[in-house]
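Heads up, the sequence shown is in my numbering, so the first residue is 77 and it goes up one at a time.
Note that beta-carbon positions come from the ideal geometry of N, C-alpha and C, so glycine has one too.
Here's the structure we're looking at; comments come further down.
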Amino acid sequence: MTKSDNLNDRSNILIVGIGNEFRNDDAVGIYAVRKLKKHTLPGIHTCELHYDLSGLMDMWVQYESVYVIDAVSSGADAGTIHEIELDENRLSEEEFSFSSHTVSLSSIIELSRAIHQFPKSLVIYGIEGKDFSYGCTMSDGVKEAADRLINSLEEKLRTKILQIEGEA
Numbered sequence: 077m078t079k080s081d082n083l084n085d086r087s088n089i090l091i092v093g094i095g096n097e098f099r100n101d102d103a104v105g106i107y108a109v110r111k112l113k114k115h116t117l118p119g120i121h122t123c124e125l126h127y128d129l130s131g132l133m134d135m136w137v138q139y140e141s142v143y144v145i146d147a148v149s150s151g152a153d154a155g156t157i158h159e160i161e162l163d164e165n166r167l168s169e170e171e172f173s174f175s176s177h178t179v180s181l182s183s184i185i186e187l188s189r190a191i192h193q194f195p196k197s198l199v200i201y202g203i204e205g206k207d208f209s210y211g212c213t214m215s216d217g218v219k220e221a222a223d224r225l226i227n228s229l230e231e232k233l234r235t236k237i238l239q240i241e242g243e244a
């Protein structure tokens, strides 16, 4: 996880990019979080997870708002962005059925709920992938979707940070 000394800890926001850089479109979460990190929004903590998601529970319980970006394979068109706000909602194994991780994201989420290690707010962004074979090239539509998501998420986060600063 990366933290900057100039972070405003009151924002308590974590963005997690999940993926495998060597499985083409599966790298989309890593790509997105790296790009967001370059924009250096104040008060935003970022993390990349490549294979093992089990550390998520210990990590995200420390934050009020968590955003997770990962590739999905649900049968929708490549580049489709799925946004799932989790509170009482359950994350479907079918939506996140493709996994190059040792434990699936939906399993981590449900285990986190069971042991009360769940953040106050959790939003999952799944970007529909096309090619999960070995390689280091994301499909154009997947990369374009990630760029759209980055712009949208950046705007949401700026608004959220302004609200938090207004309350302080």
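Check                                                                                                                                                             : Outcome
Measuring alpha carbon to alpha carbon, tell me which residue in S183, I200 and I106 is nearest T122.                                                             : I106
Taking the DSSP output, what are the residues bridged to R99?                                                                                                     : G211
Please list, in chain order, all residues of the same chain as A154 whose beta carbon is under 7 Å from its beta carbon, the five residues on each side excluded. : E204, G205, K206, S215, G217 and V218
Buried or exposed for L117, going by 16 or more other Cβ atoms inside 10 Å?                                                                                       : buried
Okay, do the segment 181-196 and the segment 230-238 touch, 3+ Cβ pairs below 8 Å being the bar?                                                                  : no
Is S173 helix, strand or coil by DSSP?                                                                                                                            : Residue placement at S173 cannot be trusted, given a pLDDT of 47 that sits under 50; the coordinates are not used to answer.
Of the choices Q193, H115, N100 and V142, whose alpha-carbon is the least far from that of N88?                                                                   : V142
If you run the structure through DSSP and keep just helix, strand and coil, what is T78?                                                                          : The predicted model places T78 with a pLDDT of 41, which falls under 50 and marks its position as unreliable; any figure quoted below should be read in that light. In this structure, T78 counts as strand in the three-state DSSP scheme.
Checking contacts by CB at 8 Å: is L117 closer than that to chain C?                                                                                              : The question asks about chain C, but that chain is absent: this structure has only one protein chain.
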